[in-house]
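Participant: Numbering (the working numbering), first residue to last: 230 to 409. The beta carbon of each residue, even a glycine, is placed where N, CA and C say it ideally should be. This one's a predicted model, so the numbers in the text were calculated from it and none came from an experiment. Here it is, the structure, as structure tokens.
As structure tokens, then:
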């Protein structure tokens, strides 16, 4: 996360190859993001991948392309950053911006594809944290006759400095329904 107008914000791209028998000798991915809000100013190998040569291209409408190859150099079976991407944030940026991996691949020294599970990320502007407020935290309905319904509205607010995302609401009792 960063504030609007911030420069030099480093995002770490991490690889967990601890459960893979082979070392990684190369990788590639496209990283898609909103180029009206974020500008990738630098892509570099992390110390863990320092033996690999990084090639990048920002000639895409959706983000950047990253390719890393190593001749005689590999990334051993551990977990940690392999690439850093440095971003500048547009002055008018506000909200959550998806960082989406497209066409990711990793290969062993024999150029054979290795299994890969990808987790996309989110870049938030501004950096503050949300602070949820509720109009009420509970409600006693009293006696409600069979066949009669009753409802109660709870308002959700955010008095924090970051974006509040509510992904789900639910009742802990199977007889009650909660819906947005």
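What is the rounded straight-line gap between the Cα of residue 309 and the Cα of residue 374?
Facilitator: So the two alpha carbons sit approximately 59 Å from each other.
Participant: Between residue 232 and the rest of its own chain, which residues show a CB-CB distance below 8 Å, the 5 nearest in sequence each way excluded?
Facilitator: These residues qualify, in order along the chain: 318, 354, 355, 356.
Participant: Could you tell me whether the Cβ atoms of residue 383 and residue 363 are closer together than 7 Å?
Facilitator: It is a contact, given that the beta carbons lie within the stated cut-off.
Participant: So what does residue 387 bridge to, in DSSP terms?
Facilitator: Note: residue 387 sits in a beta bridge opposite 361.
Participant: Using DSSP's beta-bridge definition, name the partner residues of residue 243.
Facilitator: Its beta-bridge partners are 310.
Participant: Cutting at 8 Å between CB atoms, please list the residues of its own chain near residue 249, excluding the five before and the five after it.
Facilitator: Result list for residue 249: 306, 343, 344, in chain order.
Participant: Taking the alpha-carbon of residue 284 as reference, which of 291, 271, 359 has the nearest alpha-carbon?
Facilitator: That would be 271, whose Cα lies nearest to the Cα of residue 284.
Participant: What's the call for residue 246, buried or exposed, on a 16-neighbour Cβ count within 10 Å?
Facilitator: Residue 246 is buried by the Cβ-count criterion.
Participant: Can you give me the start and stop residues for the beta strand (DSSP E) that residue 326 sits inside?
Facilitator: Counting along the chain, the beta strand (DSSP E) containing residue 326 begins and ends at 324-336.
Participant: Could you give the DSSP three-state label for residue 342: helix, strand or coil?
Facilitator: Residue 342 falls in the strand class under three-state DSSP.
Participant: Could you check if residue 335 is buried or exposed, using at least 16 other CB atoms within 10 Å of its CB as the buried criterion?
Facilitator: Residue 335 is buried by the Cβ-count criterion.
Participant: Go ahead and pull the three-state DSSP assignment for residue 273.
Facilitator: Looking at residue 273 - three-state DSSP - the assignment turns out to be strand.
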